[in-house]
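The number in this note's numbering is simply the position in the sequence shown, starting from 1, with 1 added.
These notes concern the structure reproduced below.
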Amino acid sequence: EIVFRVAIPAAMVYVFHSQIVALVAQAVLFGHVHISQEARREENRLMCGLQTMHGLWFGAAYLALNGDVLPCIVAHTLHDLHVFVKTWSEVNDQMDYTDQAVLKRLTPLEAEEVGRIREEAGPTLTAETLAFARRFFYAFDYEHAGSLSECDVQRAVSYAFLQDKVQPTQARVSKLFSKILNRREESDDPAYVDDRMRLSEFLRLLFLLKANPQLAKKDSPTTVAHQC
2 EIVFRVAIPA
12 AMVYVFHSQI
22 VALVAQAVLF
32 GHVHISQEAR
42 REENRLMCGL
52 QTMHGLWFGA
62 AYLALNGDVL
72 PCIVAHTLHD
82 LHVFVKTWSE
92 VNDQMDYTDQ
102 AVLKRLTPLE
112 AEEVGRIREE
122 AGPTLTAETL
132 AFARRFFYAF
142 DYEHAGSLSE
152 CDVQRAVSYA
162 FLQDKVQPTQ
172 ARVSKLFSKI
182 LNRREESDDP
192 AYVDDRMRLS
202 EFLRLLFLLK
212 ANPQLAKKDS
222 PTTVAHQC
């Protein structure tokens with residue numbers, strides 16, 4: 002806070018002779034220092050925008066309080082503490098849901114679909130791998146619906162391929178997501194939801210990407226119409 006609310010604005014005022022310019026400049030700089038080279042472009046845009054707004058808010062508070070930086074430090078500390086507690090609560094809630102969800106037995110239809118996938122995958126899809134995949138699936142089910150939205154699938158695939166040299170683009174995942182859902186035969190099963198992917202469908206998507214790394218290279222991420 003001392004650097005961004007005192008030192009940098011003071012230097013800006015000295016150069017540009019304008020508190021407004023100093024306020025905006027320190028906020029923009031504050032936003033840009035939160036950009037990570039390892040994050041995706043969309044994530045960096047969101048983070049930069051949020052932190053720029055924080056910079057404007059804290060900078061305006063500093064000016065309104067006649068240059069007293071202590072309230073800014075307290076406000077920033079309380080904000081970070083609030084975010085930490087909120088994140089901690091959400092993560093624990095998601096972990097509890099995942100632990101409970103994996104204990105439930107698959108429905109007959111799900112068991113049949115998973116069985117077909119295991120036959121296609123062969124020895125690569127062991128019982129241990131399947132158990133891990135189920136836990137992985139529910140860990141990204143943020144709505145606790147027993148299925149994943151396209152955004153959930155995008156996040157899950159990004160995490161699953163985090164250590165891989167070739168990572169699937171958002172466009173490729175989006176196309177596979179739509180393709181798998183379009184393959185559904187007409188069914189009265191209430192577990193089918195038009196825009197959400199079931200466990201067996203998610204396993205099939207992961208299996209296709211893992212078994213065919215070349216699929217990850219085919220599209221540019223900029224072609225994705227819907228950003229999560």
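Backbone N, C-alpha and C define an ideal beta-carbon position, used for all residues, glycine too.
Can you tell me which of the options puts its alpha carbon nearest to the alpha carbon of residue i?
i, options, result
"Gln27", "Leu204, Leu82, Glu151, Phe59", "Phe59"
"Leu207", "Ala102, Ile118, His77", "Ile118"
"Leu149", "Glu121, Thr125, Ser179, Thr127", "Ser179"
"Gln95", "Val29, Leu66, Tyr143", "Tyr143"
"Lys211", "Asp81, Gln164, Glu129", "Gln164"
"Lys105", "Ala23, Ala76, Ser90, Gly147", "Gly147"
"Lys176", "Phe162, Glu151, Arg156, Ala157", "Glu151"
"Gln80", "Leu47, Gly56, Thr108", "It should be pointed out that residue 80 corresponds to His in this sequence rather than to Gln. For His80, the nearest C-alpha among the options comes from Gly56."
Alpha carbon to alpha carbon, how far is residue j from residue i? Give it in angstroms, no decimals.
i, j, result
"Val174", "His83", "34 Å"
"Tyr160", "Lys87", "22 Å"
"Phe137", "Val115", "15 Å"
"Val285", "Phe203", "No answer is possible for residue 285: it lies beyond the span of the chain, which begins at 2 and ends at 229."
"Gly123", "Ala132", "16 Å"
"Gly50", "Leu126", "42 Å"
"Val167", "Asn213", "11 Å"
"Arg184", "Ile74", "55 Å"
"Val92", "Val29", "30 Å"
"Phe141", "Met198", "12 Å"
"Asp100", "Ile181", "27 Å"
"Ala128", "Arg135", "11 Å"
"Glu39", "Phe85", "22 Å"
Specify, as a first and last residue, the run of the alpha helix (DSSP H) that residue i falls within.
i, result
"Lys87", "71 to 102"
"Ala134", "128 to 140"
"Tyr63", "42 to 65"
"Arg185", "Per DSSP, Arg185 belongs to no alpha helix (DSSP H) and is neither H nor E."
"His33", "20 to 33"
Go ahead and pull the three-state DSSP assignment for residue i.
i, result
"Ser221", "Confidence at Ser221 is low in this model, with a pLDDT of 44, below 50, so the placement of that residue is unreliable and no value is reported for it."
"Leu110", "helix"
"Leu149", "strand"
With C-beta atoms as the reference, is residue i less than 8 Å away from residue j?
i, j, result
"Ala172", "Tyr139", "no"
"Leu1", "Glu111", "For the chain, the structure presents residues 2 to 229; residue 1 sits outside this window and is missing."
"Ala61", "Leu24", "yes"
"Phe17", "Thr53", "no"
"Gln20", "Leu64", "yes"
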